[in-house]
Amino acid sequence: MFEWIASPEAWIALGTLAALEIVLGIDNIIFLSILVGRLPEHQRAFARRMGLGLAMFARLALLFSISWVMGLTDNWFTVLGNDISGRDVILIGGGLFLLAKSTQEIHHSLEGMEEDSAGPKVVANNLFMVLIQIAILDIVFSLDSVITAVGLVNEIEIMAIAIVSA
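Residue numbering for the sequence shown follows our numbering, starting at 352 and increasing by one per position.
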């Protein structure tokens, strides 16, 4: 199970994968900061810690379930001559969510510029809803890093250590 510990190649793979996890996690941190910034000041530290914990949990959960997701290659239906599998539905759904969330954030940021001169900044008051949004974004943003991990390394222990350390 832990034979890889004696392998220099495994340690190189672990270092490489940890570095990639950090780079691929930057988008997650940016969205987490945006969402947490909308909370009242006294809730931000808690939401930030919970968000980072949710991110790590989401990546580990995705890691252990990625073989199932990547195995959903059977065609579910056809659209305009293109076969659509379960994996495609999951990836399309995640992409649509990201587009909607990005558009919403751009809209709020543009509204915020107008309100800077006219009045106070919009602040979210529902910690639970912000944490739900963070959890969903964590899952969507974690998919790229988990797929990278699965493609780069064969040992699940190395993948899990890289994800936790990043």
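No residue lacks a Cβ here, since even glycine has one placed at the ideal position from N, Cα and C.
Under 8 Å between C-beta atoms of residue i and residue j
i      : j      : result
Gly376 : Ser496 : yes
Glu372 : Ala486 : no
Val518 : Ala398 : Within the shown structure, residues of the chain are numbered from 352 to 517, placing residue 518 beyond reach of any answer.
Leu368 : Leu503 : yes
Nonlocal neighbours in the same chain, by C-beta distance under 6 Å from residue i, ignoring five residues either side
i      : result
Ala409 : Asp489, Ile490 and Ser493
Residue nearest to residue i in terms of C-alpha spacing, selected from the options
i      : options                           : result
Arg395 : Ala511, Ile441, Leu411 and Phe479 : Phe479
Ile457 : Ala370, Gly366, Ile385 and Phe353 : Ile385
Nonlocal neighbours in the same chain, by C-beta distance under 7 Å from residue i, ignoring five residues either side
i      : result
Phe428 : Ile435
Met401 : Leu482
Rounded C-alpha distance that separates residue i from residue j
i      : j      : result
Pro359 : Leu447 : 41 Å
Ile441 : Leu413 : 12 Å
Phe415 : Ile498 : 11 Å
Trp355 : Ile512 : 12 Å
Residues near residue i by beta carbon distance below 8 Å, same chain, minus five either side
i      : result
Asn519 : There is no way to answer for residue 519, as the model of the chain reaches only from 352 to 517.
Leu405 : Leu482, Ile485, Ala486 and Asp489
Backbone secondary structure at residue i - three-state DSSP
i      : result
Val374 : helix
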